[in-house]
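Down below is the structure, laid out as structure tokens.
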Amino acid sequence: KLVLVLRDGRKLIGVLRSWDQFANLVLQGTVERLYAGNLFADIQRGIYLVRGENVLLLGEVDLDKEDDIPPGYCQAPFEEVFALKKQEDNERKKGDKRRNTKLQTLGFEAEHSGEILF
Numbered sequence: 016k017l018v019l020v021l022r023d024g025r026k027l028i029g030v031l032r033s034w035d036q037f038a039n040l041v042l043q044g045t046v047e048r049l050y051a052g053n054l055f056a057d058i059q060r061g062i063y064l065v066r067g068e069n070v071l072l073l074g075e076v077d078l079d080k081e082d083d084i085p086p087g088y089c090q091a092p093f094e095e096v097f098a099l100k101k102q103e104d105n106e107r108k109k110g111d112k113r114r115n116t117k118l119q120t121l122g123f124e125a126e127h128s129g130e131i132l133f
């Protein structure tokens, strides 16, 4: 069982069934986990094919601890967590835009808007 973090910020948990030399992965029984504030929600995704170029982090899940709720987090309904995450993302983007505008006045240029790795 693996946990994956993708370049777009998604976190996936599933059983590794196949891989190739490009790190393309096939996961079975996949769950996408959303985090927002101190809440999290799981979304069942089933069989999931991940292109290797999108994998940012990959790790093995400790099967003895996989059912434990992460410390400091509470499980909540998907709709509530999704709305909170969307709000956090919008606030982060506004902050990034303000920071990038200020940096541009000083002669710096942002490479991206900070959407990757979050």
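Start counting the sequence shown at 16; every next residue gets the next number (my numbering). Think of the CB as a built atom: it goes at the ideal place given N, C-alpha and C, for glycine as much as any other residue.
- Segment contact: the segment 31 to 47 against the segment 76 to 92, fewer than three CB-CB distances shorter than 8 Å; contact not assigned.
- Nearest Cα to Gln102 within the set Phe123, Gly52, Val41: Gly52.
- In the DSSP annotation of this structure, Val96 is not part of any beta strand (DSSP E); the continuous alpha helix (DSSP H) holding it starts and ends at 93 to 120.
- Taking Cys89 as the centre and dropping the five residues before and after it, the same chain places the C-beta of Asn53, Leu54, Phe55 closer than 8 Å to its C-beta, in chain order.
- Selection Leu21, Val76, Gly122 evaluated against Arg66 yields Leu21 as nearest (Cα-Cα).
- Boundaries of the beta strand (DSSP E) harbouring Ile58: 54 to 65, taken from the DSSP string.
- When only Cα atoms are considered, Glu124 and Pro86 end up about 38 Å apart.
- Annotated three-state conformation of Glu75 is strand, per DSSP.
- Here the C-alpha atom of Leu121 lies approximately 31 Å from the C-alpha atom of Lys100.
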